[in-house]
Amino acid sequence: MDVQTALVTLLVVAVVSALAPFVVAMSGRLRVPQVVVLIVGGVLIGPEVLGWADPGSVTLLADVGLGFLFLMAGYELELGLFARHVGRRAILAWVVTACIAVAVTGALAALGFVHAFVPVALGLTTTAFGALLPILRDNDMLGGRFASFVLPAGAVGEFLPIVGIAIFLSANGKFLGLASLLAMFLVAVLFTVLPRLTFLARFSSTFRQGEHATSQTTLRLTVALLFVLLVVASEFGLDVVLGAFLAGVVLKRWAPGDVHSLETKLDAVGYGFFIPVFFVASGMNLDLASIAEAPLRLVVFFVLLLVVRGLPAMFLYRRDLDRSQRWQMTFLTATALPLLVALAEVGLRTGHMLPENAAALVGAGVLSMMIFPGLAVALHRRATPGRDALREGEDLRGQA
């Protein structure tokens, strides 16, 4: 790869990432999610539109961004939620979705619409939990009763499909795929437990002293852990998603030192650079030609994401949430993209997925990311007009 081409591509991607917040600000009341701006920006600068950037130049950075996205998703997951009603409801909703997905994709396979229905079925059960977090955070949707239901639902929609990838789509077989899942969990735990061991007192002292100094020991060890797990996941043919998610889960629970400070630093590194690169690269890699040749496939997958993954929430949460909140849950849980990208790559590599279906599935995920969160946010604002008015008043006072 030409170094000059790589540098130009990185510059263009960085410019798109830097301009995204300003584009969102200029969207006014629409408040378009930044993720949408990043994806559309990637499409525009990509080889199929303006041709300003070469997606191959940022593949590694995009993979690291995907890893950070799942690391942060795992970091946000509160394991205690699954011992309560909200966690059990989320698991039940996913199981219902999985059963519907198997039935629907089995029918599509019988009609010859899909080659092998396992990756497509898994794709229809996913939720872009990591990608939704910044949207929920920016719109004050991470607090209150609704958040207690949507967070477990999103986490289950990300974690259980990852387990499915490990078991059913591992390049080395189901047993080794499951073994790799357990092995990566143990590696993650080992990395977080080592600094706590008393016989490594000197190590622990150095760790604590450098946590907020220029050595940034906590952040460096976390990044090292992330790369270890990404390498292990890649060796087992699972791509980056599995190890990164597990790393986030164990770090939140067992990481030594100042956990809240670590989260702030990971936000800065991840959302400040690597995660935007992933979304821009996703837009650049979107196979517009394949989608244009078979647009019906994209429409079918887009509708199925809503019907299979989203609509069960309307019935399963009827005793827990009001109608507006259930529609918000429907749109949010039906939003999928990062795992669809990973599934498409794994499915193509193992021969489980047709190329046209891979492109259409990713395209449907991009479309869901562009439409569904915006609808959920709009419903949330309509249900809480007083909060938005108060925030606008505070902004005006701050500008005065």
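Here the sequence shown is numbered in the numbering used here, starting from 124 and rising by one per residue.
Just so you know, even glycine gets a beta-carbon here, dropped at the ideal spot from N, CA and C.
Being a predicted model, the structure only gives us computed values, none of them experimental.
Which of helix, strand or coil does DSSP assign to residue i?
i: E171; result: coil
i: R442; result: coil
i: S413; result: helix
i: A459; result: coil
i: V155; result: coil
i: D125; result: coil
i: M476; result: coil
i: A176; result: coil
i: T507; result: coil
i: S405; result: helix
i: A483; result: helix
i: L183; result: helix
i: G333; result: Because the pLDDT of G333 is 49, which lies under 50, any placement of that residue in the model is unreliable, and the number read from its coordinates should be weighed accordingly. G333 falls in the coil class under three-state DSSP.
i: S150; result: coil
i: L434; result: coil
Give the C-beta separation of residue i and residue j to the nearest angstrom, bearing in mind that I take them to be a contact with Cβ-Cβ under 8 Å.
i: D390; j: A482; result: The pair is not a contact, with the Cβ atoms about 32 Å apart (cut-off 8 Å).
i: F454; j: F495; result: 4 Å
i: V431; j: I223; result: 5 Å
i: G165; j: M407; result: 4 Å
i: F269; j: L444; result: 7 Å
i: V160; j: V181; result: That belief does not hold up - the Cβ atoms of V160 and V181 are roughly 17 Å apart, past 8 Å.
Among the options, whose alpha-carbon lies nearest the alpha-carbon of residue i?
i: L463; options: A213, A487, W175; result: A487
i: D177; options: V126, A224, V227; result: V126
i: A251; options: A276, V139, L231; result: A276
i: L255; options: A412, A196, L490; result: A196
i: E281; options: F368, A404, L259; result: F368
i: K388; options: S413, E416, T341, R420; result: T341
i: P435; options: L259, V423, D445, R449; result: R449
i: L274; options: A415, S150, G210, V392; result: G210
i: A129; options: A148, V138, G179, S447; result: G179
i: P144; options: L134, Q157, A137; result: Q157
i: H208; options: V372, Y440, R504, G174; result: Y440
i: V485; options: V227, V136, A459; result: A459
i: L122; options: L259, V237, A506, V225; result: This structure cannot settle anything about residue 122, because the visible part of the chain is limited to 124 through 523.
Exercise. Tell me the start and end of each unbroken alpha helix (DSSP H) in the region 200-273 that is at least 4 residues and wholly inside, in chain order.
Key: 208-233, 240-246, 252-261
Practice problem: Report yes or no: do the region 398-408 and the region 212-225 share at least 3 C-beta pairs separated by less than 8 Å? | Solution: With the rule of 3 Cβ pairs closer than 8 Å, the region 398-408 does not count as touching the region 212-225.
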